[in-house]
Amino acid sequence: MTEATSQSTQSTLVIPQLIVGLGNPEAKYEKTRHNIGFDAVDALAKRSQISWNENRRFQALFGEGQASRVDKLRLLKPLTYMNRSGQAIRAATDWYKLPPESVLIIYDDMDLPVGRLRLRLSGSAGGHNGMKSAIAHLGTQNFPRLRIGIGKSGTDKDTVSHVLGKFSPQETQLMSEVLQVVVDAVELALRQGVEKAMSLYNSRSVEINT
Numbered sequence: 005m006t007e008a009t010s011q012s013t014q015s016t017l018v019i020p021q022l023i024v025g026l027g028n029p030e031a032k033y034e035k036t037r038h039n040i041g042f043d044a045v046d047a048l049a050k051r052s053q054i055s056w057n058e059n060r061r062f063q064a065l066f067g068e069g070q071a072s073r074v075d076k077l078r079l080l081k082p083l084t085y086m087n088r089s090g091q092a093i094r095a096a097t098d099w100y101k102l103p104p105e106s107v108l109i110i111y112d113d114m115d116l117p118v119g120r121l122r123l124r125l126s127g128s129a130g131g132h133n134g135m136k137s138a139i140a141h142l143g144t145q146n147f148p149r150l151r152i153g154i155g156k157s158g159t160d161k162d163t164v165s166h167v168l169g170k171f172s173p174q175e176t177q178l179m180s181e182v183l184q185v186v187v188d189a190v191e192l193a194l195r196q197g198v199e200k201a202m203s204l205y206n207s208r209s210v211e212i213n214t
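Number 214 marks the last residue of the sequence shown (the numbering used here); no jumps.
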C-alpha cells in the first residue's frame with residue numbers, strides 16, 4: 005500500500021462520536037416498532053453501564069461513559085418527539101463541536117424485514133420523519149445511520165397503526181436478539197469504523213425460531 009493510499013484509507017475511516025436513537029418519549033410509545041431506536045441505545049447503555057440524565061440544553065436524555073475498548077461513548081434520546089428529533093441532535097453536535105459524519109443515528113425501517121439491520125454512511129430519509137428532521141438540522145445527508153427492520157404489516161392495517169403498534173410475542177423475542185447484534189455492530193463501528201461494521205453486519209439476519 006502506498007503512502008497516498010494509506011492516507012486516503014485513514015481519511016475515510018468514520019468513527020461515531022455520538023449515538024442517537026430515534027423514538028417518541030411518552031410511555032404509550034414504549035416498545036412500539038417506531039421506538040426501536042430508543043430500545044437500541046438503551047441496550048447500548050445497559051451493556052456499558054451508562055446512566056441516562058435529562059439534558060435540557062439538548063431537549064433529550066443523555067448519557068456518556070466508556071464502551072468496550074472505547075474511550076468515550078455518548079448516547080442521546082431526543083425528547084422532542086420524532087418529527088423534531090433534529091433539534092436535539094443539532095443542539096448536542098453544536099455543544100460538543102461534532103461534525104455531522106461523527107453522528108450515528110439508529111431508527112426503524114419498514115422496508116427491512118424483522119431481523120435485518122442495514123448500516124450506511126449516508127443517504128436520504130427514506131420517508132422517515134425523524135430522519136427528515138435530522139437531515140434538515142444537520143444540513144446534510146452525509147452521516148452514518150443504522151436501520152433496524154420492523155417489516156411491513158401483513159394485513160390491511162395502515163402504516164401509522166403498524167409503526168406505532170407493538171411487536172408480536174414472537175417478534176419481541178426476536179428483537180431482543182436483534183438488539184444485542186445492534187450493540188455488537190455499534191461497538192465494532194466505534195473501534196474499527198462504520199465501514200468495517202457494514203461489511204460484517206449488513207448481511208446478518210436474525211431468524212424467528214419456529
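All C-beta atoms in this analysis are idealised placements derived from N, C-alpha and C, irrespective of residue type, glycine included. On a predicted model such as this, the values are computed, not experimentally measured, just so you know.
Fewer than three pairs of CB atoms, one per stretch, sit closer than 8 Å, so the stretch 74-90 makes no contact with the stretch 124-131. Per DSSP, the beta bridge partners of glutamate 58 are Leu65. The residues Pro20, Leu22, Ile23, Val24, Phe147, Pro148, Arg149, Leu150, Val190, Ala193, Val198, in chain order, have a CB closer than 8 Å to that of leucine 108 in the same chain once the five nearest residues on each side in sequence are set aside. The distance from the Cβ of aspartate 98 to that of glycine 153 is about 32 Å, inconsistent with a contact at the 8 Å cut-off. A contact between stretches requires three or more CB pairs, one per stretch, nearer than 8 Å, and the stretch 35-42 fails this requirement with the stretch 66-80. Between the alpha carbons of glutamate 58 and glycine 67 lies a gap of roughly 9 Å.
With fewer than 16 other CB atoms across the displayed protein chains lying within 10 angstroms of its CB, proline 103 is exposed. Under a 10 Å Cβ-count criterion, glycine 27 is classified as buried, with 16 or more other Cβ atoms of the shown protein chains found around its own Cβ. If you draw a 10 Å sphere on the C-beta of alanine 31, you find fewer than 16 other C-beta atoms in it, and that means exposed.
For leucine 178, the uninterrupted alpha helix (DSSP H) segment begins and ends at 173-196.
In this structure leucine 178 touches valine 118 by the C-beta definition: roughly 6 Å separates them, less than 8 Å. Runs of the alpha helix (DSSP H) lying entirely within the stretch 121-161 and spanning at least 4 residues, in chain order: 133-142.
Ranked by how close their Cα comes to the Cα of leucine 17, the residues Arg195, Thr176, Tyr111, Leu183 have Arg195 in first place.
For lysine 170, DSSP records a beta bridge to Thr36.
The criterion of a C-beta distance shorter than 8 Å is satisfied by isoleucine 54 and leucine 79. Nearest Cα to alanine 96 within the set Tyr33, Tyr205, Ala138: Ala138. DSSP, reduced to helix, strand and coil, places lysine 50 within a helical segment of the structure shown. In this structure, the alpha-carbon of leucine 125 lies about 16 Å from that of valine 186. Here arginine 61 is exposed, its C-beta having fewer than 16 other C-beta atoms within 10 Å.
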